[in-house]
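One point on numbering: in numbering that gives the first Met the number 0, the residue at position 175 of the sequence shown is 174, and numbering is uninterrupted.
All residues carry an ideal CB built from backbone N, CA and C; glycine is no exception.
Let me begin by presenting the structure, written as structure tokens, before commenting on it.
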Amino acid sequence: MGRLTGRVALVTGGARGIGRATCLRLGAEGARVAVGYVSRPDAAEEVVGRIAAGGLNTGGEAFALEVDVSSRESVRRALREVRERYGQLDILVNCAGRTMGRPIFTEISDEDYDLLVRVNHYGVFVTCQEALPYLEERRGCIVNVSSASARQGLTRSNVVYASLKGAINTLTQALARQWADRGVRVNAVAPAAVETDMVRETNEDHLRITGTLPVDPTMLQPEDVGDVVAFLCTDDARHVSGEILYVTSGRK
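The following block contains the structure:
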């Protein structure tokens, strides 16, 4: 039995990077996990297989679920499918996101900007909005994956990405206050640079947060963030809401 046995989670962007690590940890804690993906069903199925392999001891299980957070109808379909399969939803982790290969502010096109807004902000907004009735039934929780760049700016890297993560932090705190009486907790995890495919594919500047590392000079691993997300989903964090939890190894 794990800390999340009997609970159901939907993780958007669950096939790769932080989302993948989060799914694996939630499964290890006994949750039934909907592994959200857009374009990599093979990667999502690999995560499902990993969770199933360990589920005999924890009760964890999973299935792959196509969900495009830039589409309200796709989000609605995904939530209905979770309900049809498991009868409930206790946990929503908003991990789907993207960045761009043009970090210089003056070179960002309207198309680049619109795409990032659609996934990185609208996607969180619409998924929270559509999931609320399900989560309210279970007095559930939401964890939004933000970024330390929201606080530090990363102006030498991706201004739009950083500013949208700042918006996610504000949304997190506003929803936590607004939904407290409904019994739904809302928090965010804001990591420093994490060694993921998305980070490796962007400009070199995006791999580093400005400043020194007094604690740990290495880049974070996805599991470092997934572990924190899982904690926020457990009863150990039952009185934690409206918080932005920075995972930075002491980076300021």
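- request: Spatial neighbours of Val-7 within its chain, please: CB distance less than 6 Å, with the 5 preceding and 5 following residues excluded, ordered by chain position.
  value: Taking the first residue of the sequence shown as position 1, residue 7 is located at position 8. Within the same chain, Val-7 has close Cβ partners Arg-31, Tyr-85, Gln-87, Leu-88, Asp-89.
task: With distances taken Cα to Cα, identify the nearest neighbour of Arg-138 among Asn-157, Ala-52, Glu-110, Arg-181.
output: Locating residue 138 in the sequence shown gives position 139, counting from the first residue. Checking every option, the nearest Cα to that of Arg-138 belongs to Arg-181.
query: Which residues mark the beginning and the end of the beta strand (DSSP E) in which Trp-60 is found?
result: Along the sequence shown, one-based indexing puts residue 60 at 61. Trp is not the amino acid found at residue 60; the sequence shown has Glu there. Run containing Glu-60: 60-65, per the beta strand (DSSP E) assignment.
- prompt: Grouping DSSP H, G and I as helix and E and B as strand, with all else coil, what is Cys-140?
  reply: The residue labelled residue 140 in the question sits at position 141 within the sequence shown. Under the three-state reduction of DSSP output, Cys-140 falls in the strand class.
query: What's the C-alpha gap between Val-183 and Tyr-36?
result: Mapped onto the sequence shown, residue 183 falls at position 184. Mapped onto the sequence shown, residue 36 falls at position 37. Distance between the alpha carbons of Val-183 and Tyr-36 is about 25 Å.
Contact under 7 Å by Cβ, Leu-64 with Ala-229: Translated into positions along the sequence shown, residue 64 becomes position 65. Translated into positions along the sequence shown, residue 229 becomes position 230. Cβ atoms of Leu-64 and Ala-229: not closer than 7 Å.
task: Could you tell me whether the Cβ atoms of Ala-61 and Val-47 are closer together than 7 Å?
output: Position 62 of the sequence shown, counted from the start, is the residue given in the question as residue 61. Position 48 of the sequence shown, counted from the start, is the residue given in the question as residue 47. The answer is yes: Cβ separation under 7 Å.
- prompt: Ile-17: which of Ala-236, Val-239, Ala-192 sits nearest, CA to CA?
  reply: By 1-based counting over the sequence shown, the position of residue 17 is 18. Cα-wise, what sits closest to Ile-17 is Ala-192.
- request: Have a look at the DSSP bridge pairing and note the partners of Asn-186.
  value: Here residue 186 corresponds to residue number 187 of the sequence shown, with the count starting at 1. Partner(s): Val-142.
query: Under the three-state reduction of DSSP, which class applies to Thr-169: helix, strand or coil?
result: On the sequence shown, residue 169 is found 170 positions in, with the first residue counted as 1. Three-state result, Thr-169: helix.
field: For Val-37: DSSP bridge partner residues
entry: Translated into positions along the sequence shown, residue 37 becomes position 38. For Val-37, which the question treats as bridged, DSSP gives no partner whatsoever.
message: Quick check on the burial criterion: 16 or more other C-beta atoms within 10 angstroms. Buried or exposed for Glu-28?
response: The residue labelled residue 28 in the question sits at position 29 within the sequence shown. Buried: at least 16 other Cβ atoms inside 10 Å.
Whether Asn-157 touches Val-123 by CB criterion (7 Å): Taking the sequence shown and counting its residues from 1, the one referred to as residue 157 is at position 158. Taking the sequence shown and counting its residues from 1, the one referred to as residue 123 is at position 124. Contact: no.
- prompt: By Cβ distance below 7 Å, which residues in the same chain neighbour Thr-259 in space, the five residues on each side in sequence not counted?
  reply: This structure gives no information on residue 259, because the portion of the chain shown stretches from 0 to 251.
- prompt: Count the other CB atoms within 10 Å of the CB of Thr-4; is the residue buried (16 or more) or exposed (fewer)?
  reply: Against the sequence shown, residue 4 aligns to sequence position 5. Exposed, by the Cβ-count rule.
query: In chain order, what residues of the same chain have a beta carbon less than 6 Å from the beta carbon of Ala-175, not counting five sequence neighbours either side?
result: In the sequence shown, counting from the first residue as 1, residue 175 sits at position 176. Sequence-distant Cβ neighbours of Ala-175 in its own chain, meaning closer than 6 Å and more than five residues away, are Val-185, Ser-240, Gly-241.
message: So for Ala-20, helix, strand or coil by DSSP?
response: In the sequence shown, counting from the first residue as 1, residue 20 sits at position 21. For Ala-20, the secondary structure class from DSSP, reduced to helix, strand or coil, is helix.
field: Secondary structure of Arg-31, DSSP reduced to three states
entry: Translated into positions along the sequence shown, residue 31 becomes position 32. DSSP places Arg-31 in strand when its eight states are reduced to three.
message: Residues in the same chain with beta-carbon distance under 6 Å from Gly-71, minus the five sequence neighbours each way, listed in chain order, please.
response: Start at 1 with the first residue of the sequence shown, and residue 71 comes out as number 72. Rather than Gly, the amino acid found at residue 71 in this sequence is Arg. Val-125, listed in sequence order.
message: With a threshold of 7 Å between beta-carbons, can Val-193 be considered close to chain B, or not?
response: Looking for chain B here will not work: only one protein chain is present.
- prompt: Thinking just about the alpha-carbon of each residue, which of Asp-226, Ser-148, Thr-98 is nearest to the one in Val-116?
  reply: Counted from its first residue, the sequence shown places residue 116 at position 117. The shortest C-alpha separation from Val-116 is found at Thr-98.
field: Among Leu-231, Ala-42, Met-218, Gly-58, the one whose alpha carbon lies nearest that of Thr-247
entry: Your numbering for residue 247 matches position 248 in the sequence shown. Residue Met-218 is the option with its Cα nearest to Thr-247.
- prompt: Looking at C-alpha atoms only, which residue of Gly-165, Tyr-112, Glu-45, Cys-140 is the closest neighbour of Gln-151?
  reply: Position 152 of the sequence shown, counting from 1, holds the residue named residue 151. Per the Cα distances, Gly-165.
6 Å Cβ shell around Ser-145 - same chain, five flanking residues per side excluded: Counted from its first residue, the sequence shown places residue 145 at position 146. So the list reads Lys-164, Ile-167, Asn-168, Ala-187, Ala-189, once near-sequence residues are dropped.
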